[in-house]
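Mind the numbering: the sequence shown is residues 1 to 238 in the working numbering, read in order.
The beta carbon of each residue, even a glycine, is placed where N, CA and C say it ideally should be.
Each remark here refers to the structure printed beneath this line.
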Amino acid sequence: MSSGTSTSSGPGPEHAALPNAFAKTAMELAQLLEAILFVADKPLPASELLALARKNGRDGEPSPFASAEERHIREALDALARSLEGRAFQLEEVAGGFRLATRPDYGPWLGHLFAHESKPPKLSQPALETLAVIAYRQPISRAEIEAVRGVAVGGVLETLCEREVVRVAGRADVPGRPLLYETTPYFLEHFGLRDLNDLPNAEELKRIKLPEPPAPDAEVQPELIHEPAANPPADRQD
């Protein structure tokens, strides 16, 4: 393989060949990942991209990337990101995975394309405040959320579950077994976060003292689980 600058004699250093066990170059792996991400309806982690790349190809032919490792996937993703520079699409790392997305500069024009499609209303300010409490203090019970916010949040929690940004994480090991709530992978995707560490600091929320669990002899009825809507929210293109 030539290491020169000519584009006709082979890929340059930035697209160095995979180990000798591979018949394809890193650029061809990057192109495969681009095709996968183009049709994917959610961000895909590197581990899932690796599993897909290792699968047999057309007519059951063994994949040229059958012996690839996750580091090869990440190197190919880096190559893909570089190849997209100056184009309408960009590679984003969000919600623990990778996705292709249009650049924000084109948002106003793309918005006209979907202007007539019905979309659920934006989350209200109370819903956003409740979501912030859950994001920073999860897993957290309804009583703890209400202690922070100072108002009842039953209806707001149902809305957040229906919009699939919040889900039930289990029950607290205290009398009454209150439900615990946490954010979902779609929460990260919707707000463009790679993981919860990307959340801005909210020291004020973290310092608020949460209520103590009920006394052991308190008669507390178990909280019922409200099932979220079965259909995914219609605003996933936001």
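Whose C-beta lies closer than 8 Å to the C-beta of PRO45 among residues of the same chain, with five residues either side of it excluded?
-> Here residue 45 corresponds to residue number 45 of the sequence shown, with the count starting at 1. Cβ contact annotation for PRO45 (same chain, cutoff 8 Å, sequence separation greater than five): GLY96, GLY97, PHE98, in chain order.
Who are the near neighbours of GLU28 in its chain, counting only those whose CB is closer than 6 Å to its CB and skipping five residues on each side?
-> Here the question's residue 28 lines up with position 28 in the sequence shown. Closer than 6 Å at the Cβ level, and outside the excluded window around GLU28, lies no residue.
In three-state DSSP terms, what is PHE98?
-> Walking along the sequence shown from the start, residue 98 turns up at place 98. It is a strand residue.
What residue range is occupied by the uninterrupted beta strand (DSSP E) comprising ALA152?
-> Against the sequence shown, residue 152 aligns to sequence position 152. Looking at the DSSP string, ALA152 is not in any beta strand (DSSP E), and its letter there is neither H nor E.
Give me the Cα-Cα distance between GLY192 and TYR181, rounded to the nearest whole angstrom.
-> Residue mapping note: residue 192 aligns to position 192 of the sequence shown, counting from 1. Residue mapping note: residue 181 aligns to position 181 of the sequence shown, counting from 1. Answer to the nearest angstrom: the Cα atoms are 21 Å apart.
If you run the structure through DSSP and keep just helix, strand and coil, what is GLY192?
-> On the sequence shown, position 192 is the one that residue 192 refers to. If DSSP states are grouped into helix, strand and coil, GLY192 belongs with coil.
Nearest-angstrom Cα separation, counted from THR184 out to ALA53 | Mapped onto the sequence shown, residue 53 falls at position 53. Mapped onto the sequence shown, residue 184 falls at position 184. Annotation: ALA53 to THR184 spans about 27 Å, alpha carbon to alpha carbon.
In angstroms, rounded to a whole number, what distance separates the CA positions of ALA147 and LEU50?
-> Residue numbering aside, residue 147 sits at position 147 when the sequence shown is read from its first letter. Residue numbering aside, residue 50 sits at position 50 when the sequence shown is read from its first letter. In a straight line, the C-alpha of ALA147 is about 45 Å away from that of LEU50.
In the structure shown, what three-state DSSP assignment does GLY176 receive?
-> Residue mapping note: residue 176 aligns to position 176 of the sequence shown, counting from 1. Coil.
At what residues does the alpha helix (DSSP H) containing ARG74 begin and finish?
-> Stepping through the sequence shown from its first residue, residue 74 is reached at position 74. Run containing ARG74: 70-83, per the alpha helix (DSSP H) assignment.
Mapping DSSP to helix, strand and coil, what is ARG142?
-> Looking up residue 142 in the sequence shown gives position 142. Helix.
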